[in-house]
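Shown next, in structure tokens, is the structure this report addresses.
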Amino acid sequence: MSIYDIEVKKANGETYSLDKYKGRPMLIANTASQCGLRGQYDDLEALHQEYKDQDLVVLGFPSNQFNNQEPGSGQDAEEACRINHGVTFDIHDIIDVNGENAHPLFKHLRKEADGLMGDKIKWNFTKFLVDRDGNVISRVAPTTSPLKMKKDIEKVL
Numbered sequence: 000m001s002i003y004d005i006e007v008k009k010a011n012g013e014t015y016s017l018d019k020y021k022g023r024p025m026l027i028a029n030t031a032s033q034c035g036l037r038g039q040y041d042d043l044e045a046l047h048q049e050y051k052d053q054d055l056v057v058l059g060f061p062s063n064q065f066n067n068q069e070p071g072s073g074q075d076a077e078e079a080c081r082i083n084h085g086v087t088f089d090i091h092d093i094i095d096v097n098g099e100n101a102h103p104l105f106k107h108l109r110k111e112a113d114g115l116m117g118d119k120i121k122w123n124f125t126k127f128l129v130d131r132d133g134n135v136i137s138r139v140a141p142t143t144s145p146l147k148m149k150k151d152i153e154k155v156l
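Pasting the structure below:
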């Protein structure tokens, strides 16, 4: 299975295939608007603004699996991101990133790039960089700023 075979749902309920981004690098993060690391929305937005004209796609996937830090709907999460952080990149519906009900995208990402806890997602704001061919080339820890990914992003542009 390729990352391009996976369907995802935006916060507004629109479903689409990641095939839409074939040939474009993607920066994918599991997010939570009430997490102590939520300042990373600002960093993700900065990367989106800096590299969107070079085809980088930034995608946020809210999850409520860590200490109830995204308790509302996907639309609530999207609204919080837009109002509090000026986010313009796509925010998706709330998903599970670990466990039996983990979304297929995160099952795929976890399988392709292990972290300190094996394939499990440790916390909100785990970030994955996918190259233009759909390969997961890096996994970045929740506490690491997305801005530290600039060198890797520039390699895949």
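Residue numbers (numbering that gives the first Met the number 0): 0 to 156. Glycine residues also receive a C-beta, built at the ideal position from the N, C-alpha and C atoms.
- Comparing C-alpha distances from residue 47 to each of 84, 13, 9, 119 shows the shortest one belongs to 84.
- The three-state secondary structure of residue 31, taken from DSSP, is coil.
- For residue 89, DSSP records a beta bridge to 58.
- Taken atom to atom, the span from the alpha-carbon of residue 145 to that of residue 72 is near 25 angstroms.
- Using a Cβ-Cβ distance cut-off of 8 angstroms, the stretch 21-29 and the stretch 145-156 are in contact, since at least three pairs of beta carbons, one from each stretch, lie closer than that value.
- Restricting attention to alpha helix (DSSP H) runs no shorter than 4 residues, the stretch 103-142 encloses them at 103-111, ordered along the chain.
- Using a Cβ distance threshold of 8 angstroms, residue 79 and residue 16 do not count as a contacting pair.
- DSSP places residue 99 outside both helix and strand once states are collapsed to three, so it counts as coil.
- The Cβ atoms of residue 120 and residue 109 lie closer than 8 angstroms to each other.
- Here DSSP, grouped into helix, strand and coil, assigns residue 43 to helix.
- Assignment of residue 9 by DSSP, reduced to helix, strand and coil, places it in the strand class.
- Beta bridge pairing from DSSP links residue 148 with no other residue.
- Rounded to whole angstroms, the separation of the alpha carbons of residue 7 and residue 128 is 17 angstroms.
- Secondary structure of residue 26 (DSSP, three-state): strand.
- DSSP links residue 1 through a beta bridge to no other residue.
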